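Written out below as structure tokens is the structure these notes cover.
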Amino acid sequence: MTDIHVILVDEHDREIGTMEKLAAHQQGRLHRAVSVYVFNSRDELLLQRRAPSKYHCARLWANTCCGHPLPGEGTMGAARRRLREEMGLTCELNAMFEFSYRAVLPGGLIEHEYGHVYFGRSDATPAPAPDEADAYMYRSLDDIRRRFANAPESNLSAFLWVRRLKESLAARLRESIAKQNSKLI
């Protein structure tokens, strides 16, 4: 991991430099990220449980995949690469929206990301890379909210995206799904 660098950005997603990934998370530096949400034909979201070897939020549930563009790599390319690397999937991805957030994680790490969100559709069977994810499941957004509404925070650390699914973002997700569905009809 020491050779992996992230792209540092300002609050408008303009590149201002690069930094080693762990150092960026230790210092809480704003950096570019991608977050991928793949839905099946029943509108269920593919979730992954992060592998035990991950340096933060290990063995906790998360969205389909996420990651960071490498220096010189675009966000769409990074989203496709991480989906293939983490879940063994390829599918058409659509850029949906961008947002930034900051979250303090256990162990003194800070996620401070300018995230580019991508949606995709696939009924293919995932083949998670063991060093990335050790389990997966499909769930509706309503089921996710019900299931995790009262779960202990310790079970939700990797569910940073669940925090992002608060009402304002959940509405944006629903709107984006509706737009994507209308394009498919």
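Here the numbering used here runs 3 ahead of the position in the sequence shown, where the first position is 1. Each residue gets a CB set at the ideal place from its N, CA and C atoms; glycine is no exception. Just so we're clear, the structure is a prediction, and the values are computed from it rather than from any experiment.
What does a CB cutoff of less than 8 Å around residue 74 pick up in its chain, not counting 5 residues either side in sequence?
Contacts found: 8, 10 and 21.
Spatial neighbours of residue 141 within its chain, please: C-beta separation below 6 Å, excluding the five flanking residues on both sides.
Once the five neighbours on either side are set aside, the close Cβ partners of residue 141 are 43, 47 and 49.
Measure the alpha-carbon distance for residue 6 versus residue 87 and round it to whole angstroms.
C-alpha separation (whole angstroms): 20 Å.
On the DSSP bridge assignment, give the partners of residue 106 in chain order.
Beta-bridge partners assigned by DSSP to residue 106: 114.
When 61, 72 and 18 are compared against residue 109, the one with the closest alpha-carbon
With distances taken between Cα atoms, residue 109 lies closest to 61.
Would you identify the three-state DSSP class for residue 127, choosing helix, strand or coil?
It is coil, neither helix nor strand.
What are the residues that DSSP puts in a beta bridge with residue 58?
According to the DSSP secondary-structure assignment, residue 58 is paired through a beta bridge with no residue.
Determine the direct distance from the alpha carbon of residue 137 to that of residue 91, and round the result to whole angstroms.
The alpha-carbon atoms of residue 91 and residue 137 are separated by roughly 13 Å.
On the DSSP letters alone, give me the boundaries of the beta strand (DSSP E) that residue 36 sits inside.
Start and end: 34-42.
What is the residue span of the beta strand (DSSP E) that residue 8 lies within?
First-last of the beta strand (DSSP E) with residue 8: 8-12.
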